[in-house]
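Asker: With this note's numbering applied, the sequence shown corresponds to residues 5 to 238, in that order.
No residue lacks a Cβ here, since even glycine has one placed at the ideal position from N, Cα and C.
The structure presented is a predicted model; accordingly, all values stated were derived computationally and were not measured.
The structure that follows is given in the form of structure tokens.
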Amino acid sequence: MGKLIVALDLDDKKRIYELIKRLGNKVDFYKVGIISYFTCGDELIKKLKKEGKKIFLDFKFFDIPNTVKNASKILIEKEVDMFTVHLMSGEQVIKSIVEVKQKLKSETKIIGVTVLTSLVEKEIDFLNIKIDKLVEKLVNYGYKWGIDGVVCSGQELEMIRTKYKSPFLIIVPGVRIDEKNKKDDQKRITTPEQAIKKGADFIVVGRPIYENKEPEKIVEKILSKIKNGNKNMD
Ligand code: C5P
Numbered sequence: 005m006g007k008l009i010v011a012l013d014l015d016d017k018k019r020i021y022e023l024i025k026r027l028g029n030k031v032d033f034y035k036v037g038i039i040s041y042f043t044c045g046d047e048l049i050k051k052l053k054k055e056g057k058k059i060f061l062d063f064k065f066f067d068i069p070n071t072v073k074n075a076s077k078i079l080i081e082k083e084v085d086m087f088t089v090h091l092m093s094g095e096q097v098i099k100s101i102v103e104v105k106q107k108l109k110s111e112t113k114i115i116g117v118t119v120l121t122s123l124v125e126k127e128i129d130f131l132n133i134k135i136d137k138l139v140e141k142l143v144n145y146g147y148k149w150g151i152d153g154v155v156c157s158g159q160e161l162e163m164i165r166t167k168y169k170s171p172f173l174i175i176v177p178g179v180r181i182d183e184k185n186k187k188d189d190q191k192r193i194t195t196p197e198q199a200i201k202k203g204a205d206f207i208v209v210g211r212p213i214y215e216n217k218e219p220e221k222i223v224e225k226i227l228s229k230i231k232n233g234n235k236n237m238d
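Following this line, the structure appears as structure tokens:
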């Protein structure tokens with residue numbers, strides 16, 4: 005069953021806490037990223053945990069093995085539900101995190117970032133590989149190295165789900181309710197219904213929710229689309 009993660013990408017503590025309060029029981033999974041963490045610090049993680057919410061800690065680590073391994077250990081000890089690392093960091097980085105997780109007997113999910121949903125072919129044509137091929141390669145290696153799931157766009161979702169079944173997690177950002185009216189940095193976008201229908205475990209939605217005057221109404225709309233997507237899963 006696909007679910008919603010609300011991204012708290014706000015730099016105002018009051019607004020973040022107000023949003024969580026307004027969304028109440030409608031939302032039980034939040035993304036804490038660099039904006040909200042730099043704004044609230046650990047207090048936000050503690051608050052969400054106290055309220056029984058799940059946490060997707062999306063710092064997208066991309067560094068040398070020693071740095072990522074030690075940073076991951078801290079996150080795993082905070083008992084967040086999932087956290088992200090760029091798969092381009094390579095085998096040594098990913099395997100070292102998997103090892104830490106196993107050593108600590110942790111349930112925290114290690115999620116590999118493939119190619120950002122804000123990127124299109126021409127921006128990375130110097131790499132000489134098509135985005136879907138690069139995503140496929142990264143997922144194949146990530147799976148082999150022991151990650152629990154990946155972040156990808158709606159465009160690569162079907163290809164990944166066909167190859168890697170549940171419980172391998174697929175998280176899809178770049179989700180817009182109305183694909184035609186969007187004017188922001190997200191490029192490889194999809195709708196909530198399509199993402200769920202094609203097998204996403206989670207969709208991550210930020211601006212369409214927190215920039216709306218009535219975020220609870222948008223959340224309800226997204227949740228009903230998720231419900232339709234779950235009903236129509238291939
Ligand atoms: O505001 P918007 O709905 O575009 O937010 C999407 C969220 O998903 C942001 O917090 C962004 O950092 C995150 N994300 C992404 N692309 C990835 C991984 C995470 O957009 N590949």
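#1: Are there 16 or more other CB atoms within 10 angstroms of the CB of F42, so buried, or fewer, so exposed?
#2: Would the C-beta of G28 count as close to the ligand C5P, meaning under 7 angstroms from any of its heavy atoms?
#3: Mind listing, in chain order, the continuous alpha helix (DSSP H) runs of no fewer than 4 residues lying wholly within the stretch 114 to 167?
#4: Taking the beta carbon of E95 as the centre, do at least 16 other beta carbons fall within 10 Å, making it buried, or is it exposed?
#5: Sort out for me which residues DSSP pairs A11 with in a bridge.
#6: Assuming E197 and K30 make a contact with CB atoms under 8 angstroms, what is their CB distance in whole Å?
#7: Name the DSSP bridge partner or partners of K58?
#8: Quick check: the Cα distance between D85 and R165, rounded to an integer number of angstroms?
#9: Classify S170: buried if its beta carbon has 16 or more other beta carbons within 10 angstroms, exposed otherwise.
#10: Could you tell me if the beta carbon of R19 falls within a distance shorter than 7 angstroms of some heavy atom in the ligand C5P?
#11: Any heavy atom of the ligand C5P closer than 7 angstroms to the CB of A11?
#12: Leaving out five residues before and five after H90 in sequence, what residues of the same chain have Cβ atoms less than 8 angstroms from its Cβ?
#13: Applying the 10 Å Cβ sphere with the 16-neighbour rule, what's the burial state of K105?
#14: How close, in whole Å, do the beta carbons of V72 and I101 come, if the pair is a contact with beta carbons under 8 angstroms?
#15: Ordered along the chain, which non-local residues of its own chain (more than five positions away) have a Cβ less than 7 angstroms from that of G146?
Answerer: Quick answer:
#1: Translated into the one-based positions of the sequence shown, residue 42 becomes position 38. It is exposed - the Cβ of F42 has fewer than 16 other Cβ atoms within 10 Å.
#2: For the purposes of this step, residue 28 is taken as the residue at position 24 of the sequence shown. No, the ligand C5P has no heavy atom inside 7 angstroms of this Cβ.
#3: Inside the stretch 114 to 167, DSSP marks whole alpha helix (DSSP H) runs of 4 or more residues at positions 135 to 149, 158 to 167, from first to last along the chain.
#4: One-based indexing of the sequence shown puts residue 95 at position 91. That one is exposed.
#5: One-based indexing of the sequence shown puts residue 11 at position 7. Note: A11 is bridge-paired with K35 in the DSSP secondary-structure output.
#6: Counting from one through the sequence shown, the residue named residue 197 turns up at place 193. Counting from one through the sequence shown, the residue named residue 30 turns up at place 26. Actually they are not in contact, since the Cβ atoms of E197 and K30 sit about 18 angstroms apart, beyond 8 angstroms.
#7: Translated into positions along the sequence shown, residue 58 becomes position 54. Residue pairing from DSSP places K58 in a beta bridge opposite F33.
#8: For the purposes of this step, residue 85 is identified with residue 81 of the sequence shown, where counting begins at 1. For the purposes of this step, residue 165 is identified with residue 161 of the sequence shown, where counting begins at 1. Our two residues, D85 and R165, have alpha carbons roughly 21 angstroms apart in a direct line.
#9: As a working note, residue 170 is residue 166 in the sequence shown. Taking every protein chain shown into account, the CB of S170 has fewer than 16 other CB atoms within 10 angstroms, so this residue is exposed.
#10: Here residue 19 is taken as the residue at index 15 of the sequence shown, counted from 1. Every heavy atom of the ligand C5P is 7 angstroms or more from the Cβ of R19, so no.
#11: Against the sequence shown, residue 11 aligns to sequence position 7. Yes - the ligand C5P has a heavy atom lying nearer than 7 angstroms to the Cβ of A11.
#12: Here residue 90 refers to the residue found at position 86 when the sequence shown is read from its first residue. Around H90, the same chain offers K64, F65, F66, G116, V117 as residues with beta carbons nearer than 8 angstroms, after the five sequence neighbours per side are excluded.
#13: On the sequence shown, residue 105 is found 101 positions in, with the first residue counted as 1. K105 should be labelled buried.
#14: The residue given as residue 72 occupies position 68 in the sequence shown. The residue given as residue 101 occupies position 97 in the sequence shown. Rounded, the Cβ-Cβ distance is 6 angstroms, consistent with contact.
#15: Taking the first residue of the sequence shown as position 1, residue 146 is located at position 142. Hits under 7 angstroms: L91, I98, G116, V154.
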